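In terms of the working numbering, the sequence shown has 579 at position 428, counting the first letter as 1, and numbering is strictly consecutive.
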Amino acid sequence: MPISTFRPNGFPRCLPAGLVRWFCSRKSSVFILSLIILLPLSGLLPAHAEGSAPVMTVPDQQAVPGGTVLIFSEAENNPIQVRDPEGDRIRLGIQANCGVLTVSGTTGIDITGRDTAHLILSGPEADINRELNGLRFTPFSSESRLCRLDLTAEDQTEAAGVTFAQIHVLFFAPGGPDLFAEEGKTVTLTALPADAADIVWRQTAGRAVGLSDAGAAAPTFVSPPVNTGFEDFSFSASYVLENSPAAAAVTVRIVDNGISSLPPDVTSFYTSDFLEMGIRLSSGHLTELSALPADTVSTDNHRPASLPFGLVSFVVATPRAGDRITVEFFLPWAASEDEAWYKYDAYSGWYPLDDAEFSDDRTRVRISLADGGSGDADFAVNGRISDPSALGAPPENSTAPETAPGDCGSGDGGGCFLGRMRVMLEQLGK
Ligand SMILES: [Ca+2]
Ligand SMILES: [Ca+2]
Ligand SMILES: [Ca+2]
Numbered sequence: 152m153p154i155s156t157f158r159p160n161g162f163p164r165c166l167p168a169g170l171v172r173w174f175c176s177r178k179s180s181v182f183i184l185s186l187i188i189l190l191p192l193s194g195l196l197p198a199h200a201e202g203s204a205p206v207m208t209v210p211d212q213q214a215v216p217g218g219t220v221l222i223f224s225e226a227e228n229n230p231i232q233v234r235d236p237e238g239d240r241i242r243l244g245i246q247a248n249c250g251v252l253t254v255s256g257t258t259g260i261d262i263t264g265r266d267t268a269h270l271i272l273s274g275p276e277a278d279i280n281r282e283l284n285g286l287r288f289t290p291f292s293s294e295s296r297l298c299r300l301d302l303t304a305e306d307q308t309e310a311a312g313v314t315f316a317q318i319h320v321l322f323f324a325p326g327g328p329d330l331f332a333e334e335g336k337t338v339t340l341t342a343l344p345a346d347a348a349d350i351v352w353r354q355t356a357g358r359a360v361g362l363s364d365a366g367a368a369a370p371t372f373v374s375p376p377v378n379t380g381f382e383d384f385s386f387s388a389s390y391v392l393e394n395s396p397a398a399a400a401v402t403v404r405i406v407d408n409g410i411s412s413l414p415p416d417v418t419s420f421y422t423s424d425f426l427e428m429g430i431r432l433s434s435g436h437l438t439e440l441s442a443l444p445a446d447t448v449s450t451d452n453h454r455p456a457s458l459p460f461g462l463v464s465f466v467v468a469t470p471r472a473g474d475r476i477t478v479e480f481f482l483p484w485a486a487s488e489d490e491a492w493y494k495y496d497a498y499s500g501w502y503p504l505d506d507a508e509f510s511d512d513r514t515r516v517r518i519s520l521a522d523g524g525s526g527d528a529d530f531a532v533n534g535r536i537s538d539p540s541a542l543g544a545p546p547e548n549s550t551a552p553e554t555a556p557g558d559c560g561s562g563d564g565g566g567c568f569l570g571r572m573r574v575m576l577e578q579l580g581k
């Protein structure tokens, strides 16, 4: 599973106090043009012709002390690069929502907006990449906040469309809390030594959040909705180490992810293509949440023709073992009439959830899941529901899967369920 907390650039992998272990999530990603994204803009963009649009490679989320200049470069291990498949001239735009951008200008290519929030570079691919290697981003203030860089790349020679990418930059106030995380992400509290025993975690400040397991060495929670810059959440743990009582404390600062259009009780997050989505539970609490790229599961077995928002994977702690809950997803845009909510498992392949309920405008969808029942990927009555699923369009020229979910048969002693779980978790990289 991608880990979604941040290790600030230049910080040691473990803080001196040993309270928190920082993780970095997966490295550079390539964000390919989405025709669906372009549809609303079709009147503004040139028609697709021969040739291909440029492709960008951007670093994963960045976390740096507020007020410092963030440099994107190969030396800093966070370069931004762009490539056109035909080697055509490129026009690259970068827009920042909370600071200014500049490049050295040594290549002599066309540059507009130096030292502003909207920088545009036009020229040959090699020169643009030379300018990007050392791109400087200076935030307006030293506050803790999440900033966004929106990138667009166009082929200047061919009318081949536009590629989009986005980089999140988490600026944090120096001397602040132990851990920073973005709203709508899985946060792991890793304050304790490996041989700690008799652990009891409790929350000491901030709005109440639910930990995955108050007796675990490294419990998780999903950062709740924040629409006011940031909020702090503090936790303490008592434990026994080598027969002696010990204690630890962690404060986590959750920073607004920039999504404020959803109701206040909806946990918002970005899909793997940076589309805005939300999730709300009828009861229980989220302890893990990940938005995964659509190709995380590559199997073709009844695969939907498209998975426009990628996969959403989450774990819910239910109030009681065996509980049934309703999970409501808030979609980036209205689902079309033929799209359905799909689940995947390695035995049945992809299958639509027949009881998924869409709102009248099809911008929301509700699914019902039971701990230990159909739709719970851990197949156990254990107070946790684990669910990877996605919005999808029906596969072309395909019949429905013959094996319905949860139909392993009553006499298989659980081996079928365990096999399904094992293969599916392997495929999801858990
Ligand atoms: Ca091209
Ligand atoms: Ca927000
Ligand atoms: Ca379960």
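For each residue, glycine too, the CB sits at the ideal point set by N, CA and C. Nothing here was measured: the structure is a model prediction, and the numbers come from that model.
Got a sec: does ligand 3 put a non-hydrogen atom nearer than 7 Å to the Cβ of Ile518? Result no, Cβ not under 7 Å from ligand 3.
In whole angstroms, what is the alpha-carbon distance linking Arg296 and Glu225? Near 25 Å, if we compare the C-alpha coordinates of Glu225 and Arg296.
Quick one: using the 10 Å Cβ neighbour count with 16 as the cut-off for buried, is Leu286 buried or exposed? By the neighbour-count rule (16 or more Cβ atoms within 10 Å), Leu286 is buried.
Check whether the Cβ of Arg535 lies closer than 7 Å to any heavy atom of ligand 3, and answer yes or no. Within the cutoff, so yes.
What are the uninterrupted segments assigned as beta strand (DSSP E) that are 3 or more residues long and contained completely in the segment 448 to 536, given in chain order? Counting only unbroken stretches of 3 or more residues, the beta strand (DSSP E) elements lying wholly within the segment 448 to 536 are 462 to 468, 475 to 481, 491 to 496, 500 to 503 and 515 to 521, in sequence order.
Close-in-space but distant-in-sequence residues of the same chain around Arg281 (CB under 7 Å, 5 per side omitted): Non-local beta-carbon contacts of Arg281 in its own chain, meaning distances under 7 Å to residues more than five positions away in sequence, involve Thr258 in chain order.
In or out: Phe381 buried (at least 16 other Cβ within 10 Å) or exposed? Classification of Phe381: buried, given that the 10 Å Cβ count is 16 or more.
Enumerated in chain order, which unbroken segments of the beta strand (DSSP E) with a length of 3 residues or greater are wholly contained in the segment 314 to 383? For the segment 314 to 383, whole beta strand (DSSP E) runs of length 3 or above, ordered along the chain, are 330 to 333, 337 to 339, 348 to 356 and 371 to 373.
So, are the CB atoms of Val373 and Leu432 less than 8 Å apart? For the 8 Å CB-CB criterion, Val373 and Leu432 do not form a contact.
Option in Phe481, Ile518 and Ser464 with minimal Cα separation from Asp538: Each of Phe481, Ile518 and Ser464 was checked against the Cα of Asp538, and the nearest Cα belongs to Ser464.
With DSSP run on the structure shown, which of helix, strand or coil describes Cys175? Unreliable placement is indicated for Cys175, whose pLDDT of 26 sits below 50; the coordinate value is still reported in the next sentence. In the three-state scheme derived from DSSP, where H, G and I count as helix and E and B as strand, Cys175 is classed as coil.
Backbone CA spacing between Pro546 and Pro455 [nearest angstrom]: If you draw a straight line from the Cα of Pro546 to the Cα of Pro455, it is about 4 Å long.
Using only alpha-carbon positions, find the residue among Ser292, Ser412, Leu437 and Thr219 that is nearest to Gly361. For Gly361, the nearest C-alpha among the options comes from Leu437.
Apart from the five residues on each side of it in sequence, which residues of its chain come closer than 8 Å, Cβ to Cβ, to Pro376? Excluding sequence positions up to five before and after Pro376, its CB lies within less than 8 Å of the CB of Glu334, Gly335, Leu413, Pro415, Asp416, Val417, Thr418 and Ser419, all in the same chain and listed in chain order.
Assuming Ala400 contacts Thr422 under a Cβ cut-off of 8 Å, what Cβ separation, rounded to an integer in Å, is found between them? No, Ala400 and Thr422 are not in contact; Cβ-Cβ is about 34 Å, not under 8 Å.
Figure out for me which residue from Ala356, Tyr495, Leu302 and Val320 has the closest Cα to the Cα of Pro205. Measuring from the Cα of Pro205, the nearest candidate turns out to be Leu302.
Using only alpha-carbon positions, find the residue among Ile410, Gln212, Leu440 and Gly435 that is nearest to Glu427. That would be Ile410, whose Cα lies nearest to the Cα of Glu427.
Three Cβ pairs or more, each shorter than 8 Å: is that satisfied between the segment 303 to 313 and the segment 235 to 251? The segment 303 to 313 makes contact with the segment 235 to 251: 3 or more CB pairs, one atom from each, lie closer than 8 Å.
Go to Glu276, then tell me how far its alpha helix (DSSP H) extends in each direction, as first and last residue. Residues Glu276 to Leu283.
Would you list the residues sitting across from Phe291 in a DSSP beta bridge? Per DSSP, none; premise fails for Phe291.
With DSSP as the reference, please indicate the residues paired to Val254 in a beta bridge. Listed as beta-bridge partners of Val254 by DSSP are no residues whatsoever.
Using a Cβ-based criterion (distance less than 7 Å to any ligand heavy atom), does Gly244 qualify as near ligand 3? No; taking the cut-off as 7 Å, the Cβ of Gly244 has no heavy atom of ligand 3 nearer than that.
Looking at Ala388 and Ala342, is the spacing between their C-beta atoms short of 8 Å? Taking a C-beta distance under 8 Å as the contact criterion, Ala342 and Ala388 qualify as a contact pair.
I'd like to confirm something about Leu467: is its beta-carbon nearer than 7 Å to some heavy atom of ligand 3, or not? The sequence shown places Val at residue 467, not Leu. Val467: no, Cβ never under 7 Å from ligand 3.
Give me every residue whose Cβ sits closer than 6 Å to any heavy atom of ligand 1, in chain order. The set of residues with a C-beta under 6 Å from any non-hydrogen atom of ligand 1 comprises Gly202, Ser203, Asp235, Pro236, Glu237, Asp239, Asp306, Glu309 and Ala311, given in chain order.
Just checking Val376 against ligand 2 - is the residue's beta carbon closer than 7 Å to any of the ligand's heavy atoms? Residue 376 is actually Pro in this sequence, not Val. Yes; taking the cut-off as 7 Å, the Cβ of Pro376 has a heavy atom of ligand 2 nearer than that.
State the start and end residues of the unbroken beta strand (DSSP E) segment that holds Gly429. Annotation: the continuous beta strand (DSSP E) that includes Gly429 extends over Glu427 to Leu432.
At the level of alpha carbons, what is the spacing between Leu504 and Ser293? Rounded to the nearest whole angstrom, the C-alpha separation of Leu504 and Ser293 is 47 Å.
Measuring only the C-alpha atoms, how far is Asp349 from Gly366? Distance from the CA of Asp349 to the CA of Gly366, rounded to the nearest whole angstrom, comes to 7 Å.
Assign Ala445 to one of three DSSP states: helix, strand, or coil. When secondary structure is reduced to three states using DSSP, Ala445 falls in the helix class.
Considering Cα atoms alone, identify which of Ser449, Leu340, Ser487 and Gly429 is closest to Arg404. If we check each option's Cα against that of Arg404, Leu340 comes out closest.
Could you check if Asp496 belongs to the surroundings of ligand 3, using beta carbon to heavy atom distance under 7 Å? Because no heavy atom of ligand 3 lies under 7 Å away, the Cβ of Asp496 does not count as near it: no.
In whole angstroms, give me the CA-to-CA distance for Asn284 and Phe223. Each residue's CA atom was taken as its position, placing Asn284 and Phe223 some 6 Å apart.
Quick check on the burial criterion: 16 or more other C-beta atoms within 10 angstroms. Buried or exposed for Asn408? With 16 or more Cβ atoms within 10 Å of its Cβ, Asn408 is classed as buried.
For Ser449, count the other beta carbons within 10 Å of its own beta carbon; 16 or more makes it buried, fewer makes it exposed. Which is it? An exposed status is given to Ser449, since fewer than 16 other beta-carbon atoms sit within 10 Å of its beta-carbon.
For Ala304, report the span of its beta strand (DSSP E) as first-last. Counting along the chain, the unbroken beta strand (DSSP E) around Ala304 starts and ends at Arg296 to Asp306.
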